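Comments concern the structure below.
In this note's numbering, the protein residues as written are 597 to 649.
As C-alpha cells, this is what we get:
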C-alpha cells in the first residue's frame, strides 16, 4: 500500500482520485498479469444473487 496524502483537505475535487488512478495504471503497466487475473476473477456471476447481476 502507498499513502497518497496525509492532508486530503489540501486537494481540489477529484485530485486524489486522479493520483490514485495513476498509481493503479502504473501497476497495471508494470505487471499486467495481476490485473488480468483480478479482472477475470470478478466476472463470474454464477454465485451472485440475480438481483445484483
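Ideal Cβ placement from N, Cα and C applies to all residues, glycine included.
Quick caveat: nothing in here was measured; it's all calculated off a predicted structure.
May I ask you to report which of helix, strand or coil DSSP gives residue i?
| i | result |
| --- | --- |
| residue 609 | coil |
| residue 616 | helix |
| residue 600 | coil |
Roughly how far, in whole angstroms, is the beta-carbon of residue i from the beta-carbon of residue j, given that I think they are within contact range, below 8 Å?
| i | j | result |
| --- | --- | --- |
| residue 619 | residue 602 | Not really, about 16 Å apart at Cβ, beyond 8 Å. |
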